[in-house]
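Everything below concerns the one structure shown next.
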Amino acid sequence: MATLWNNYRYLILRRVTQIGLMFLYFGANAWGWTLLMGNLSSSKILGLIPMSDPFAVLQMFAAGAVLSADLLAGVAVAVMFYFVIGGRAFCSWVCPVNIITDSANFLRRKLGIDRAQGFRQPASRNLRYWVLAMSLVISAIMGVAAFEFISPISMVHRGIAFGLGFGWAAMLVIFLFDLFVLKDGWCGHVCPLGGFYSLLGSFSFIRVLHSQEKCTLCMKCKTVCPEHQVLHMIGKESLSVTSGECTNCARCIEVCEDDALGFSIRKLVKK
Amino acid sequence: MSEIKTKREPISDRRKFILNMARGAGLATMGGFIWSAYVDEVTASSLLLRPPGAIKESDFLKTCIKCGLCVLACPYNTLLLAKAGDNKPLGTPYFVPRDMPCYMCPTIPCVPVCPTGALDEKSVTKDEKLDINIAEMGIAVVDHSSCIAFWGIQCDACYRACPLLGVAITIEYSKNERTGKHAFMKPVVQSESCTGCGMCEKACVTEKAAIFVLPREVALGRAGDHYIKGWDKNDEKRLENATSKTTTTEISKESAVDSLNDGKGLY
């Protein structure tokens, strides 16, 4: 039991927050709970504290919408929050799509699809920044928040709270895409929201720290990491994972049997 | 067959760079057009009824963040968020009056909760107080051919259901020539008062509602600033906005007298 907790504690906590948040949103619509109302695009905590998706608001700005003070306050709260705890902490601790892509990734490893595919990835992880730029360009041209009208993320979290409709199809598409087409396909290559939080997270405080002297080069961390390029220092140098693409999911910390990885606060002053 | 190339010439770095840039630009263009076409399709639906206080549809689509706080605030479950597969602009709030009309809460709970201003409190505020009666969600339209009151059968279900009783729907009396002794009592929607709440549509007794709500910009015409109610001093002010445009044709570019005398343009 203790080893189970030790090996999966962050995973369990992440699933609890992800499912718990969705449950609170669902409860707000179904039973009138007021703890957390709305959805991940914009919500009110206790009917008081606003929180808004900064990327959605950025698209609205590009589309030429007049941004209200309420909305900007919500953006400020969200940006401050993710600025501190790590930009892509949204991806691994909040976003419900993460559960879908993690399970696809898990199956991929168990079924050996990775090995069948020969580890050749047909797309670059920088694709997300292209999609991010394009969503702003299309928002500006079409005069609507472009990604919000196709976002499978919104279909899922809004669907859970307000009725899914055909949103399950979007979930299935992402699952199959990640399982059979591209490893870490949606979250690690395509999703512009992840790209946005990667950029925001480049400055975040809470980071994973690697101690090279403890590392035995088993490389379990790189196998389990959905953004393995951020772990370039493993076995080479004692460094913080400074890339914003790290989702702070902490799977690397759990799988490491040598205690060579752990959370730390980023050093504010460079050596 | 003697000159079979045994070795392919390696691509130069410069060529590789240019080709990769072209690939990126090409993919972005392709994806961009597919994406734009899709967005254009899904935002084209213009027959949706929005919550009270909604700003102009084109602005609404860019301002609404699709959070559903208005839906949560609605005590009657009138408002819905468009789901995937509904063929409506994804995630935006709307209502279907025949299923559940807007019951016009005096406190309009759905509007002040909007974080983005897509539902504009000012547009439903009169004398610094919220006033649902000035909301413009849509306008009721009567289909004369299926409304049984227009057949001569007595029915005033819509008239009675209207929250602005006797104001937004009035009854017009006229003689029923067919029987010679009965009256038609026809419902008439007053476009300046109707809020588009849809309680009439909900109440309509016909199989498919003979009175139904459409968005105002769909159902209403516009006379333009050239046509003025001369008997209305206020309406005359609109003349100031009127612009004039003269069209010139083959004949009209010369003076009328000339064209009559020299016979040009005539047989």
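Each protein sequence line maps, in turn, to chains A and B. Under this note's numbering, the first residue of the first sequence is numbered 1, with each subsequent residue one higher. Under this note's numbering, the first residue of the second sequence is numbered 1, with each subsequent residue one higher. Here a beta-carbon is modelled for each residue, glycine too, at the ideal position from N, C-alpha and C. Predicted model only: the values in this text are computed from it and were never measured.
Asked                                                                                                                                                                              : Found
Which residues bound the beta strand (DSSP E) around residue 202 of chain B?                                                                                                       : It is not in any beta strand (DSSP E) - residue 202 of chain B instead sits in the alpha helix (DSSP H) that spans 199-203.
When the Cβ atoms of the stretch 127-137 of chain B are set against those of the stretch 99-112 of chain B, are three or more pairs found closer than 8 Å?                         : yes
Could you pull the start and end residues of the alpha helix (DSSP H) that residue 81 of chain A belongs to?                                                                       : 69-85
Would you verify that the beta carbon of residue 320 of chain A is, or is not, closer than 8 Å to some beta carbon of chain B?                                                     : This structure does not reach residue 320 of chain A, given that chain A is present from 1 up to 271, and the question cannot be answered.
By Cβ distance below 7 Å, which residues in the same chain neighbour residue 67 of chain B in space, the five residues on each side in sequence not counted?                       : 115
Since residue 44 of chain B meets chain A, which of its residues come closer than 7 Å, beta carbon to beta carbon?                                                                 : Under the 7 Å cutoff, chain A gives no residues; its nearest Cβ is about 11 Å from residue 44 of chain B.
If we count Cβ pairs, one from each stretch, closer than 8 Å, do we get three or more for the stretch 159-179 of chain A versus the stretch 213-222 of chain A?                    : no
Does the stretch 58-76 of chain B come close enough to the stretch 30-37 of chain B to have 3 or more Cβ pairs within less than 8 Å?                                               : no
With DSSP as the reference, label residue 66 of chain A as helix, strand or coil.                                                                                                  : coil
Would residue 97 of chain A and residue 153 of chain A be called neighbours here (beta carbons separated by less than 8 Å)?                                                        : yes
Is the Cβ of residue 245 of chain A closer than 8 Å to any Cβ of chain B?                                                                                                          : no
Could you check what DSSP says for residue 110 of chain A in three-state terms: helix, strand or coil?                                                                             : helix
Cβ closer than 9 Å: which chain B residues qualify as neighbours of residue 150 of chain A?                                                                                        : 35, 38, 39, 42 and 90
What did DSSP end up calling residue 160 of chain B once you bin it into helix, strand or coil?                                                                                    : helix
Given this structure, state the Cα-to-Cα distance separating residue 2 of chain A from residue 58 of chain B, to the nearest angstrom.                                             : 57 Å
Between which two residues does the beta strand (DSSP E) containing residue 140 of chain B stretch?                                                                                : 139-142
Please go through the stretch 115-175 of chain A and give each complete alpha helix (DSSP H) segment of 4 or more residues, from N-terminal end onward.                            : 127-142 and 152-162
Which residues in the same chain have their Cβ closer than 7 Å to the Cβ of residue 101 of chain B, if we skip the five residues on either side of it in sequence?                 : 78, 197, 198, 199, 201 and 202
Any idea what DSSP makes of residue 146 of chain B, helix, strand or coil?                                                                                                         : coil
Determine the burial state of residue 167 of chain B: buried for a count of at least 16 other Cβ atoms within 10 Å of its Cβ, exposed for fewer.                                   : exposed
What is the residue span of the alpha helix (DSSP H) that residue 223 of chain A lies within?                                                                                      : 220-224
Thinking residue 238 of chain B and residue 225 of chain B are a contact (beta carbons under 8 Å), I'd like their distance in whole angstroms, please.                             : 5 Å
Please check if any C-beta of chain A sits within less than 8 Å of the C-beta of residue 175 of chain B.                                                                           : no
When you check each C-beta in the stretch 11-29 of chain A against every C-beta of chain B, which residues fall closer than 7 Å?                                                   : 28 and 29
I want to verify the contact list: residues of chain D whose CB lies under 7 Å from the CB of residue 234 of chain A, in sequence order.                                           : Although the question refers to chain D, the structure presented lacks it and instead comprises the protein chains A and B.
When burial is assigned at 16 or more other CB atoms within 10 Å of the CB, is residue 174 of chain A buried or exposed?                                                           : buried
For residue 23 of chain B, does the count of other Cβ atoms within 10 angstroms reach 16, so buried, or fall short, so exposed?                                                    : exposed
In three-state DSSP terms, what is residue 195 of chain B?                                                                                                                         : coil
Is there at least one Cβ from chain A nearer than 8 Å to residue 235 of chain B's Cβ?                                                                                              : no
Of all the residues that make up the stretch 36-67 of chain A, which are near chain B by a beta-carbon distance shorter than 7 Å?                                                  : 37, 38, 39, 41, 42, 43, 44, 50, 52, 56, 60, 63, 64, 65 and 66
Output needed for residue 210 of chain A: all residues of its chain with C-beta closer than 8 Å, excluding positions within five of it in sequence on either side, in chain order. : 231, 233, 234, 237, 238, 239, 240, 241, 260 and 261
Taking Cβ positions, are residue 244 of chain A and residue 188 of chain A nearer each other than 8 Å?                                                                             : no
Strictly below 7 Å CB to CB, what residues from chain A border residue 53 of chain B?                                                                                              : Correct list: empty, because the minimum Cβ distance to chain A is about 13 Å.
Looking at chain A, is there any beta carbon in it that lies within less than 8 Å of the beta carbon of residue 84 of chain B?                                                     : yes
At which residues does the alpha helix (DSSP H) containing residue 188 of chain B begin and terminate?                                                                             : Premise fails: residue 188 of chain B lies in the beta strand (DSSP E), 182-189, not in any alpha helix (DSSP H).
Report the neighbours of residue 162 of chain A on chain B: residues whose CB is nearer than 7 Å to its CB, in chain order.                                                        : 68, 71 and 81
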